[in-house]
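Okay, so the sequence shown: first residue is 1 according to full-length UniProt numbering, each after it adds one. All residues carry an ideal CB built from backbone N, CA and C; glycine is no exception. The model shown is predicted, which means the values in this text are computed figures rather than measured ones. Here is the structure we will look at.
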Amino acid sequence: MLKNKELKNMNCDFSPMKQQLSKEIHHITNGLQQSLEVLGDENYCVLGDFKELKRNFIQMESVAASFYLNCYLSSFTDKYEDLSFSVQQLSNRRHGALIVVERQDSLDSLIQKGTALGANLTAMLLETIFYPGNPLHDGAVLIRANQIVSAANVLPLTTTVISEEKLGTRHRAALGLTEKSDALVLVVSEETGRISFALNGKLYPITTPQSLH
Numbered sequence: 001m002l003k004n005k006e007l008k009n010m011n012c013d014f015s016p017m018k019q020q021l022s023k024e025i026h027h028i029t030n031g032l033q034q035s036l037e038v039l040g041d042e043n044y045c046v047l048g049d050f051k052e053l054k055r056n057f058i059q060m061e062s063v064a065a066s067f068y069l070n071c072y073l074s075s076f077t078d079k080y081e082d083l084s085f086s087v088q089q090l091s092n093r094r095h096g097a098l099i100v101v102e103r104q105d106s107l108d109s110l111i112q113k114g115t116a117l118g119a120n121l122t123a124m125l126l127e128t129i130f131y132p133g134n135p136l137h138d139g140a141v142l143i144r145a146n147q148i149v150s151a152a153n154v155l156p157l158t159t160t161v162i163s164e165e166k167l168g169t170r171h172r173a174a175l176g177l178t179e180k181s182d183a184l185v186l187v188v189s190e191e192t193g194r195i196s197f198a199l200n201g202k203l204y205p206i207t208t209p210q211s212l213h
């Protein structure tokens, strides 16, 4: 859950995303109200409405996650647009990725360091690192402010038993690090291309143009 202290310190002026989120919330609210109004009609079954509302809830959660992701990233890197763009490109190509954005907590003692880079953060460089077959594509990239500090880092895996879904190594690593620090970790699944981010030991889906259809 997003903490109030963090909310106050974040730049959340993303009007188009706010408008989309507001639209999704109003749509669900209207749907619930309509279901409530016909609940007493024995000739009408609301189960079909619930199925549609469930789909809308999932879509709204994804839109909200995208909005808050941009809020988080904009507070710790000026290159958040490059980062978001590269993640979407990786998703489109189904190139798996694991990207750590260091926030206030130092991560030096929590990760097994890979290859030092010390390069400016660009979308092209991130996409190159995670291109299949690249020696650096396994493991995580560490981002500090506007710089890619290192690649092929190894993160601690979560020890929490997760029964809802089967998670791959990247997702378990993302959860493991965020259980021990305030880092934000982006994950792209190479199996599905789905994007998610981990924060405070929880995983959130991210909306993309493809996921809205």
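If we count the other Cβ atoms within 10 Å of its Cβ and call it buried at 16 or more, is residue i buried or exposed?
| i | result |
| --- | --- |
| K202 | exposed |
| E191 | exposed |
| I206 | buried |
| I195 | buried |
| L39 | exposed |
| Q19 | exposed |
| S106 | exposed |
| I129 | buried |
| A116 | exposed |
| T178 | buried |
Over the uninterrupted alpha helix (DSSP H) stretch that includes residue i, give me the two end residues.
| i | result |
| --- | --- |
| I129 | 123 to 129 |
| L80 | A quick correction: the sequence has Tyr, not Leu, at residue 80. Here the alpha helix (DSSP H) through Y80 covers 80 to 93. |
| T178 | 169 to 180 |
Using 8 Å for Cβ pairs, my map puts residue i next to residue j. What's the rounded Cβ distance?
| i | j | result |
| --- | --- | --- |
| L155 | I111 | 6 Å |
| V185 | A174 | 4 Å |
Please state whether DSSP places residue i in a helix, a strand or coil.
| i | result |
| --- | --- |
| N30 | helix |
| A145 | coil |
| S150 | strand |
| A198 | strand |
| I206 | coil |
| A64 | helix |
| L157 | coil |
Mind checking which residues open and close the beta strand (DSSP E) that includes residue i?
| i | result |
| --- | --- |
| G118 | 115 to 120 |
| Q112 | Note, Q112: premise wrong, no beta strand (DSSP E); not H, not E. |
| V46 | Premise fails: V46 is in no beta strand (DSSP E) and is neither H nor E. |
| L98 | 97 to 101 |
| L184 | 184 to 188 |
query: At a cut of 8 Å, does the segment 86 to 93 reach the segment 46 to 57 through at least three beta carbon pairs?
result: no
- Contact between the segment 76 to 85 and the segment 144 to 151 (3+ Cβ pairs under 8 Å): yes
**Prompt:** Are at least three pairs of beta-carbons, each pair with one atom in the segment 56 to 63 and one in the segment 94 to 101, less than 8 Å apart?
**Reply:** In short, these stretches do not touch, since the Cβ pair count stays below three.
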